[in-house]
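*Asks:* Converting from the sequence shown to my numbering requires adding 5 to each position, the first position being numbered 1.
We treat Cβ as the ideally placed atom computed from N, Cα and C, and that holds for glycine.
I'd like to ask some things about the structure below.
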Amino acid sequence: MCSIGDDNLVDEGISSLMTPQEQMLHYLPKATCYKCGKEDELYKIHFREAECKNCFLMFVNHKFRATVGSSKALPRNADILLVFDGSAESVVLLDMLQTAKSEPNFKRLHCFLKVLFIDDYEAYKGSCEINDYKLYIQQVKDLLLSYDNIKCYVTNLRSSKHQKPFGIKDMDLYLNREMEKEKVFSNDIKNIQTSTSRNEFIKLYRKNLIASMATILSCKYAFIPAINISIATDLLSAVALGQGNNAAYDVAFKDDRLINGIKIMRPIKDLSETEVLLYLRARNIKWWDIRDHVIIASSSIQQITGSFIRNLQKKYNSTVSTIICTGNKITSNNDSYEEFEKKCCLCNSSIVNSETLSAVRYSRYVSERTSSDFDLDTNFTKFLNLTQNQDQKVCHSCQNIGRDSDINLIKHYL
């Protein structure tokens, strides 16, 4: 029986999982591999014996194949759009997919692959290690062109959802494109009052941009380079933002909430940051990640959640796996959904009537009243009239974005 993502869960008792762990060296000088007996540089990850390069690569590639295969959601000869964002995770995903398509020693992954590079340099430039933007773009171009027989495209995170992407070989045309609308888009994002809502809007817009580009490029499936710690962060952030059962989509392998039928998938969701970095070392891929894994927004819920998980993971190695295993138990009850069920017009998530959310909204409404409005019965009547006139097609999480910005402007982009 193939076990996916359970490498951290060994039979050592619950107490061992909650014991602070010391930092360890993840690659060791030449020694004998316990698995194959070969003498080579050894790679060490938590809860596994140190193993040679070939055994390690076989292990992480198996996790990737097992995640894709066990879901049974990807048909043979599927048209796949791989989203490349310049992160180390996206480099690993691209290399794994290319290996899965061409490796003769394993069952090949039969698919038609296209790569879309989403240029989000502006969102991360405050933490960039590469100061020269054109140098970064050239590095991306060289890397993508090093993989034969793969069609590669580029678009900007600020681009319109309906704008066709540029071919990777036409990078000069991309760099000299018309950018007036992109500047307007950037200004509108800056006008969103809180960094939490700003990050959530960017997340939704990126997802819709991926779906739109996949449609333009005739792909039904989109692979995104999300690994376990980013998924754990998204899950807890979604819970904190009031997304309820819809938070389950942030943990699942497949997210099929998009209106145009594009399915977003997370094939390396069970890989850790350590495994990603060791994979690059084992494959001798030199890459400089432009981001510090979080959008620069020190006061946002997403950044605080990510920092909390990372700090906890340093001492308790099962933090991320425990969060994800808990998230897997959140059921979104997709089988019971009816065709007339209300959907959010922004994120396309299910809108479920909740007495708790109604109480929260009423509490906020009362707290915002002046001291002269002392009649609670009158206040409640006003509250009912207000909520009845509210847009019933927006979920609670997206309503929070609307409170921090112009909801009509958000609808225009999403």
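Quick one: give me the first and last residue of the beta strand (DSSP E) that Tyr226 is part of.
*Replies:* On the sequence shown, position 221 is the one that residue 226 refers to. First-last of the beta strand (DSSP E) with Tyr226: Tyr226 to Phe228.
*Asks:* Quickly, what does DSSP pair Val159 with across the bridge? List them, please.
*Replies:* The residue given as residue 159 occupies position 154 in the sequence shown. Answer is Phe122 and Phe171, bridged to Val159.
*Asks:* State the Cα-Cα distance for the pair Arg315 and Asp294, rounded to the nearest angstrom.
*Replies:* Numbered from 1 along the sequence shown, position 310 holds the residue referred to as residue 315. Numbered from 1 along the sequence shown, position 289 holds the residue referred to as residue 294. For Arg315 and Asp294, the distance between alpha carbons rounds to 18 Å.
*Asks:* On the three-pair Cβ rule with 8 Å, is the stretch 276 to 293 touching the stretch 232 to 241?
*Replies:* At 8 Å Cβ cutoff, the stretches touch.
*Asks:* Could you spell out the range, first to last residue, of the beta strand (DSSP E) harbouring Ile264?
*Replies:* To locate residue 264, count along the sequence shown from 1; it is residue 259. Neither: Ile264 is in no beta strand (DSSP E) and is coded neither H nor E.
*Asks:* Per the DSSP calculation, Tyr48 is bridged to which residue(s)?
*Replies:* Here residue 48 refers to the residue found at position 43 of the sequence shown. For Tyr48, which the question treats as bridged, DSSP gives the partners Tyr32 and Glu56.
*Asks:* Looking at the structure shown, is Val357 part of a helix, part of a strand, or coil, going by DSSP?
*Replies:* Locating residue 357 in the sequence shown gives position 352, counting from the first residue. Note: Val357 maps to coil in three-state DSSP.
*Asks:* Which residue marks the beginning of the alpha helix (DSSP H) containing Asp177, and which one marks its end?
*Replies:* On the sequence shown, position 172 is the one that residue 177 refers to. Asp177 -> alpha helix (DSSP H) spans Met176 to Leu180.
*Asks:* Got a sec, what are the start and stop residues for the beta strand (DSSP E) Lys274 sits in?
*Replies:* Sequence index remark: in the sequence shown, residue 274 carries index 269 (1-based). Taken as a continuous stretch (DSSP letters only), Lys274 belongs to no beta strand (DSSP E), as it is neither H nor E.
*Asks:* By DSSP's criteria, Ile85 is part of a beta bridge. Which residues make up the other side?
*Replies:* In the sequence shown, residue 85 corresponds to position 80, counting from 1. Answer is Leu118 and Tyr226, bridged to Ile85.
*Asks:* What is the DSSP secondary structure of Thr37, reduced to helix, strand or coil?
*Replies:* Along the sequence shown, one-based indexing puts residue 37 at 32. Thr37 falls in the strand class under three-state DSSP.
*Asks:* By alpha-carbon positions, which one of Lys68, Met63 and Leu241 ends up nearest to Thr327?
*Replies:* Position 322 of the sequence shown, counted from the first residue, corresponds to residue 327. Nearest of Lys68, Met63 and Leu241 to Thr327, Cα basis: Leu241.
*Asks:* Should Asn213 and Ser355 be called a contact, given that it needs their Cβ atoms to be closer than 9 Å?
*Replies:* Along the sequence shown, one-based indexing puts residue 213 at 208. Along the sequence shown, one-based indexing puts residue 355 at 350. Not closer than 9 Å, so no.
*Asks:* Shortest alpha-carbon distance to Leu283 belongs to which of Leu87, Val97 and Lys398?
*Replies:* The residue you call residue 283 lines up with position 278 of the sequence shown. That would be Val97, whose Cα lies nearest to the Cα of Leu283.
*Asks:* Around the Cβ of Ala243, are there at least 16 other Cβ atoms within 10 angstroms (buried) or fewer (exposed)?
*Replies:* Translated into the one-based positions of the sequence shown, residue 243 becomes position 238. Classification of Ala243: buried, given that the 10 Å Cβ count is 16 or more.
*Asks:* Output yes or no for whether 9 Å exceeds the beta carbon distance between Asp124 and Val73.
*Replies:* In the sequence shown, counting from the first residue as 1, residue 124 sits at position 119. In the sequence shown, counting from the first residue as 1, residue 73 sits at position 68. No, the Cβ-Cβ distance between Asp124 and Val73 is not below 9 Å.
*Asks:* In its own chain, which residues sit with a C-beta less than 6 Å from the C-beta of Gln318, not counting the 5 before and 5 after it?
*Replies:* Along the sequence shown, one-based indexing puts residue 318 at 313. Thr324 and Val325.
*Asks:* Going by DSSP, what residue range makes up the alpha helix (DSSP H) through Met184?
*Replies:* In the sequence shown, the residue the question calls residue 184 occupies position 179. Looking at the DSSP string, Met184 is not in any alpha helix (DSSP H), and its letter there is neither H nor E.
*Asks:* Are the Cβ atoms of Val88 and Ala227 separated by less than 9 Å?
*Replies:* What you label residue 88 is simply residue 83 of the sequence shown in a count that begins at 1. What you label residue 227 is simply residue 222 of the sequence shown in a count that begins at 1. Yes; because the gap between Cβ atoms is below 9 Å, this pair is in contact.
*Asks:* Using the rule of at least 16 other Cβ atoms within 10 Å of the residue's Cβ for burial, across every protein chain shown, is Glu183 buried or exposed?
*Replies:* By one-based count along the sequence shown, residue 183 stands at place 178. Exposed, since its Cβ has fewer than 16 Cβ neighbours within 10 Å.
*Asks:* Measuring straight from C-alpha to C-alpha, what distance separates Ser304 and Thr201?
*Replies:* Taking the sequence shown and counting its residues from 1, the one referred to as residue 304 is at position 299. Taking the sequence shown and counting its residues from 1, the one referred to as residue 201 is at position 196. Cα to Cα, Ser304 sits roughly 8 Å from Thr201.
*Asks:* Taking the alpha carbon of Glu54 as the reference point, which residue from Lys68, Cys38, Thr104 and Met63 has its own alpha carbon closest?
*Replies:* Along the sequence shown, one-based indexing puts residue 54 at 49. Cα-wise, what sits closest to Glu54 is Cys38.
*Asks:* Put Lys348 into one of helix, strand or coil per three-state DSSP.
*Replies:* As a working mapping, residue 348 is identified with position 343 in the sequence shown. Looking at Lys348 - three-state DSSP - the assignment turns out to be strand.
*Asks:* In chain order, what residues of the same chain have a beta carbon less than 8 Å from the beta carbon of Thr104, not counting five sequence neighbours either side?
*Replies:* Counting from 1 along the sequence shown, the entry for residue 104 is found at position 99. Excluding sequence neighbours, Thr104 sits near Asn66.
*Asks:* For Pro272, does the count of other Cβ atoms within 10 angstroms reach 16, so buried, or fall short, so exposed?
*Replies:* Stepping through the sequence shown from its first residue, residue 272 is reached at position 267. The residue in question, Pro272, is buried, as its Cβ has 16 or more Cβ neighbours within 10 Å.
*Asks:* If you reduce the DSSP assignment to three classes, tell me which class Lys208 lands in.
*Replies:* Mapped onto the sequence shown, residue 208 falls at position 203. Reduced to three states, the DSSP call for Lys208 is helix.
*Asks:* Once DSSP output is grouped into helix, strand and coil, what is the label at Leu195?
*Replies:* Taking the first residue of the sequence shown as 1, we reach residue 195 at position 190. Inspection of the sequence shows that residue 195 is occupied by Lys rather than by Leu. Three-state DSSP puts Lys195 in a helix.
*Asks:* Tell me, which residues are paired with Lys268 by DSSP?
*Replies:* Your numbering for residue 268 matches position 263 in the sequence shown. DSSP output for Lys268 lists Tyr226 as bridge partner(s).
*Asks:* Could you pull the start and end residues of the alpha helix (DSSP H) that Ala257 belongs to?
*Replies:* Mapped onto the sequence shown, residue 257 falls at position 252. Per DSSP, Ala257 belongs to no alpha helix (DSSP H) and is neither H nor E.
*Asks:* Could you tell me whether the Cβ atoms of Lys77 and Cys57 are closer together than 9 Å?
*Replies:* The residue labelled residue 77 in the question sits at position 72 within the sequence shown. The residue labelled residue 57 in the question sits at position 52 within the sequence shown. The answer is no: Cβ separation not under 9 Å.
*Asks:* State buried or exposed for Asn394, treating a residue as buried only when at least 16 other CB atoms are found within 10 Å of its CB.
*Replies:* Working through the sequence shown from its first residue, we reach residue 394 at position 389. Residue confidence for Asn394 is low, a pLDDT of 43 falling below 50, so the modelled location carries little weight; the figure read from the coordinates is stated next. When all chains shown are included, Asn394 counts as exposed.
*Asks:* In this structure, how does DSSP classify Gly247 when only helix, strand and coil are distinguished?
*Replies:* Within the sequence shown, residue 247 is the residue found at index 242, counting from 1. Coil at Gly247, not helix or strand.
*Asks:* With distance defined between alpha-carbon atoms, name the residue in Lys119, Ile207, Gln198 and Tyr210 nearest to Phe171.
*Replies:* Start at 1 with the first residue of the sequence shown, and residue 171 comes out as number 166. The candidate whose alpha carbon is nearest that of Phe171 is Lys119.
*Asks:* Measuring CA to CA, which of Pro34, Glu187, Lys174 and Leu121 is closest to Gly91?
*Replies:* Numbered from 1 along the sequence shown, position 86 holds the residue referred to as residue 91. Comparing Cα-Cα distances from Gly91 to each of Pro34, Glu187, Lys174 and Leu121, the minimum goes to Leu121.
*Asks:* Between which two residues does the alpha helix (DSSP H) harbouring Tyr418 extend?
*Replies:* The residue you call residue 418 lines up with position 413 of the sequence shown. It spans Ile412 to Tyr418 - the alpha helix (DSSP H) in which Tyr418 sits, taken as one unbroken run.
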